[in-house]
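Here the structure is laid out as structure tokens; the discussion comes afterwards.
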């Protein structure tokens, strides 16, 4: 025992904590020491103490508003919700056959999708580390299935490279990686890295490059069965007399570089888009509907807020019926949690401090467009062997998303025919009438899938700047504005506080809406209990 | 964070693409234009390629301010730009397009000084507005902050 080091190593400390206090305590200790931090979510919120009949008026029945309603009612608050739409969920939204959508400007679309087919015009995927959202899905009984983000069989497409022919992701990745490995291996063998690496490390690096790049015994990347194991075959392995595989020809490095297709590869490794991602079975709005099963009785639908007024006794919110605006009505409460998007809140009379008002006015809303297209058959599966995932293109549609459900079925299917987020094309698509957005998506998409022309049936297009209940996709904070205004946006201002994705560091994600709501009600509860 | 990850595509020759890809005919924006190949311009990267005030209005501003600049109203609204007295002060219009305000996004990163001057001049001389003091790219440049 005399050899025992005087300082306790971190791992030893952790196993000690684990043995003494159990795995949950060990987990929290690990988090504190900088390991294992997958989420800010600490498990179901505990609002302890008696709110003594305090009332909270929540504005907006999206995920932020309904999270707050669920937890505050459970904690003993009197809760009511006002919602502009005639349905719960807000941006948590799914369009199915028969649904209608009237955008700002008056264009009305009726979704003509077949039975069981849908498109999620808002959020469509859930990262594995969005633990608050995942926990609510579990608690509310929302069934999840994998959302395929990376499909090696999907395409990368550059309109001016490779004769405009889309390339499989697996091929671009293998060829890019292989030829870079070959170059680096060459640099090692020529002694160019002698100063940077020891001889031993150079030898290990060569082994790694051979494996990572699918190089041959001479550290070359070329048309070979080794490379084809990654990029795919000219003739894949078969059975019987014709079983022998034939290698495929790599794309040249120079053309890959010039095509800029490499810039899509890193995207798949982004923390937000890594495997595993999820989607609710049957449509994203299953989450909003599940929340509404819990708190639907508290929601007043079709309520368009026109004024928010506070004094030292409480908050009074004026609203009109959004469908038949008549006599203004009033709702009163001790406190108000407002989740109305800032694009709208900034236009309302609200008597908050100058600093909160400046914060509300400081956040523009991102443009985004999603277009759902119905086809007679799932040709992307039948003809192209693409089951889920996303193809990327430099055409104005940017992405084609394949459904992560209903695989290998015959009959109709839906593609996400365009997904634009920010940038010039999102504005250009927004400025078109919906039927033209759909027609353009079909025309551009046909450059990647020529089957579009024969198989297309109908489509629906949602441009978020024209969505009446948000006037944009999500809060588009600049770094500067965040530095100057974010805290002021989130502080309790008298009897009013805000929540929503715009009051989070995860803009445009549902997790941001929930985490912001939980943070807000924890602070509100603390204030209520103390006074 | 996601801005830029996948932007910056550089297929430039949208005229060629329009010829290759856009074979459908759409209601042309200008009624007298030859129909089949005339369609809206699509930009090739993060920034707009449209240069004239009219084209910028039709392809960008119209998304929110609508046909004939009538504006729209939902839970919140977009103002009508028809005979809009706020356009009288050209500096205000430049600042709004450049830096945004409330629901209005900033276009300073998406448009050049020339483009912003063109669209501001277009708005101030159309839709019942007739302010004759044209703004210049230099005015826009000095308003950038």
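Chains as they are written, first to last, in my numbering: chain R, -18 to 512; chain G, 244 to 388. For each residue, glycine too, the CB sits at the ideal point set by N, CA and C.
Coarse secondary structure for residue i, derived from DSSP in three states
i	result
residue 379 (chain G)	coil
residue 501 (chain R)	helix
residue 131 (chain R)	coil
residue 82 (chain R)	strand
residue 433 (chain R)	helix
residue 261 (chain R)	strand
residue 346 (chain R)	strand
residue 140 (chain R)	coil
residue 253 (chain R)	helix
residue 464 (chain R)	helix
residue 426 (chain R)	helix
residue 288 (chain R)	strand
residue 176 (chain R)	coil
residue 551 (chain R)	The requested residue 551 (chain R) does not occur in the structure, where chain R is confined to residues -18 to 512.
residue 56 (chain R)	coil
residue 151 (chain R)	helix
residue 21 (chain R)	coil
residue 276 (chain G)	Confidence in residue 276 (chain G) is poor, its pLDDT being 33 and thus under 50, which makes the residue's placement too unreliable to answer from.
residue 202 (chain R)	coil
residue 410 (chain R)	helix
residue 515 (chain R)	Outside the shown range of chain R, which is -18 to 512, sits residue 515 (chain R), and nothing can be said about it.
residue 397 (chain R)	strand
Under 9 Å by beta carbon: chain G residues contacting residue i
i	result
residue 519 (chain R)	Past the edges of chain R, shown from -18 to 512, lies residue 519 (chain R), and the structure says nothing about it.
residue 565 (chain R)	Because chain R in this structure spans residues -18 to 512, residue 565 (chain R) falls outside the shown range and cannot be described.
residue 65 (chain R)	317, 318
residue 281 (chain R)	Within chain G, no residue comes near residue 281 (chain R); the closest Cβ sits about 14 Å away, beyond 9 Å.
residue 133 (chain R)	Simply none; closest approach about 18 Å.
Classification of residue i by the beta-carbon crowding that lies within 10 angstroms, buried from 16 upward
i	result
residue 52 (chain R)	buried
residue 219 (chain R)	exposed
residue 178 (chain R)	exposed
residue 48 (chain R)	buried
residue 199 (chain R)	exposed
residue 511 (chain R)	exposed
residue 109 (chain R)	exposed
residue 257 (chain R)	exposed
residue 344 (chain R)	buried
residue 384 (chain R)	buried
residue 326 (chain G)	exposed
residue 382 (chain R)	buried
residue 83 (chain R)	exposed
residue 99 (chain R)	buried
Per DSSP, the bridge partner or partners of residue i
i	result
residue 319 (chain R)	R:40, R:479
residue 227 (chain R)	R:216
residue 312 (chain R)	R:298
residue 442 (chain R)	R:352
residue 372 (chain R)	R:381
residue 331 (chain R)	R:289
residue 347 (chain G)	G:344
residue 517 (chain R)	Past the boundaries of the shown model lies residue 517 (chain R); chain R is included only from -18 to 512, so the question cannot be answered.
residue 77 (chain R)	R:99
residue 89 (chain R)	R:83
Chain R contact residues for residue i, given Cβ-Cβ distances below 9 Å
i	result
residue 329 (chain G)	Within 9 Å Cβ-Cβ: nothing; residue 329 (chain G) doesn't reach chain R, min ~15 Å.
Proximal residues of chain G, C-beta to C-beta of residue i below 8 Å
i	result
residue 328 (chain R)	319, 320, 345, 346
residue 413 (chain R)	283
residue 444 (chain R)	306
residue 285 (chain R)	318
residue 68 (chain R)	By Cβ distance, chain G contributes nothing, its closest Cβ being about 14 Å from residue 68 (chain R), past 8 Å.
residue 348 (chain R)	306, 348
Proximal chain R residues relative to residue i, where beta-carbon distance stays under 7 Å
i	result
residue 353 (chain G)	405
Residues that residue i contacts on chain G, provided the C-beta gap is smaller than 7 Å
i	result
residue 325 (chain R)	318, 319
* To do: Mind the definition here: the segment 244 to 253 of chain R touches the segment 289 to 302 of chain R only if three or more C-beta pairs lie below 8 Å; say whether that holds.
  => Segments in contact, no.
*asked:* Across the segment 258 to 265 of chain R and the segment 182 to 195 of chain R, are there enough close Cβ pairs to call them in contact, namely three or more that are closer than 8 Å?
replied: no
- Item | Cβ contact check for the segment 233 to 249 of chain R and the segment 359 to 366 of chain R: 3 or more pairs under 8 Å | Contact fails: fewer than three Cβ-Cβ distances are below 8 Å.
Check: Within the chosen definition, does the segment 87 to 96 of chain R reach the segment 61 to 68 of chain R through at least 3 CB pairs nearer than 8 Å?
Finding: no
Is it a yes or a no for the segment 326 to 333 of chain G touching the segment 367 to 379 of chain G, going by three-plus beta-carbon pairs under 8 Å? yes
Closer than 8 Å is the cut-off here; do at least three beta carbon pairs connect the segment 402 to 417 of chain R with the segment 303 to 313 of chain R? no
Item to complete: Check whether the segment 136 to 149 of chain R touches the segment 372 to 383 of chain R, counting contact only when three or more Cβ pairs, one atom from each stretch, lie closer than 8 Å.
Response: yes
Taking 8 Å as the cut-off, does the segment 396 to 412 of chain R touch the segment 347 to 357 of chain R (at least 3 CB pairs, one atom from each stretch)?
yes
inquiry  = Within 8 Å, do at least three Cβ pairs link the segment 314 to 321 of chain R to the segment 34 to 48 of chain R?
reply    = When C-beta atoms of the segment 34 to 48 of chain R are compared with those of the segment 314 to 321 of chain R, three or more pairs fall below 8 Å, so the two segments count as touching.
If contact is defined by three or more beta carbon pairs under 8 Å, each pair taking one atom from either stretch, is the segment 194 to 212 of chain R in contact with the segment 155 to 165 of chain R? Look at the beta carbons and you see the segment 155 to 165 of chain R touching the segment 194 to 212 of chain R: at least three pairs across the two are nearer than 8 Å.
- Query: Given 8 Å as the limit, is there contact between the segment 111 to 129 of chain R and the segment 18 to 25 of chain R, that is, 3 or more CB pairs closer than that?
  - Reply: yes
At a cut of 8 Å, does the segment 296 to 308 of chain G reach the segment 426 to 437 of chain R through at least three beta carbon pairs?
no
| said: Counting beta carbon pairs with one atom in the segment 20 to 39 of chain R and one in the segment 492 to 511 of chain R, are three or more of them shorter than 8 Å? | reply: yes
_Would you call the segment 439 to 446 of chain R in contact with the segment 334 to 342 of chain G, where contact means no fewer than 3 C-beta pairs closer than 8 Å?_
no
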